[in-house]
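Everything below concerns the one structure shown next.
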Amino acid sequence: MVYRIDPDKDRPYVEEFRRCPIGAHSPGLMRVLTVMRNDPSGHQVILVCRKPFAEWVLGHMPPDRADPIVLEQAPVFTSREAAEWEVFCRRWRALTGESINQPLHD
């Protein structure tokens, strides 16, 4: 059985991830994250650390893994949590067509 994200049923996991993007997650959120991490097209938005513990940017992994990763120059994130949230939002939109218009923290 192939899991798919159902935007209506899985929406509570958006808030769970927003509150705690790093660490232990519920089984439901783990299912959503597993689906997000497997893009059959081969294209994947990824997180790249430019300076350990200080600076992250997003990258685009190509379908042919022998090709180079393309890095975005902006935005530059100063917290891993904020960067993880941006990756989550982009993957959610790619899979559901819906934008998450919420900041990481209220």
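For the sequence shown, counting from 1, position 104 maps to 1104 in this note's numbering; every step adds exactly one.
Even for Gly, the Cβ is constructed at its ideal location relative to N, Cα and C.
No experiment lies behind these values; they were computed from the predicted model shown.
Given 8 Å, three or more beta-carbon pairs between the segment 1051–1059 and the segment 1027–1034: Remark: fewer than three beta-carbon pairs, one from each stretch, lie closer than 8 Å, so the segment 1051–1059 and the segment 1027–1034 are not flagged as touching.
Beta-carbon contacts of threonine 1096 that lie in its chain and below 7 Å, excluding the five residues immediately before and after: Answer for threonine 1096: Ile1005 and Pro1007, listed in chain order.
Beta strand (DSSP E) segment containing leucine 1058, residue limits: It spans 1055–1061 - the beta strand (DSSP E) in which leucine 1058 sits, taken as one unbroken run.
Three or more C-beta pairs below 8 Å linking the segment 1036–1047 and the segment 1067–1087: Yes, since at least three Cβ pairs between the segment 1036–1047 and the segment 1067–1087 fall closer than 8 Å, the two stretches touch.
Sequence-distant residues of its chain with Cβ nearer than 6 Å to glutamate 1015 (five each side left out): Contacts found: none.
Simplified DSSP state of valine 1035, which is helix, strand or coil: In this structure, valine 1035 counts as helix in the three-state DSSP scheme.
Proline 1103, buried or exposed, once every other Cβ within 10 Å from all chains shown has been counted against 16: Proline 1103 should be labelled exposed.
Chain-order list of residues whose beta-carbon lies under 8 Å from that of valine 1070 (same chain, five-residue window excluded): Correct list, in chain order: Gly1059, His1060 and Pro1062.
Straight-line Cα distance separating tryptophan 1092 from valine 1002: Spanning the two alpha carbons is a distance of roughly 17 Å.
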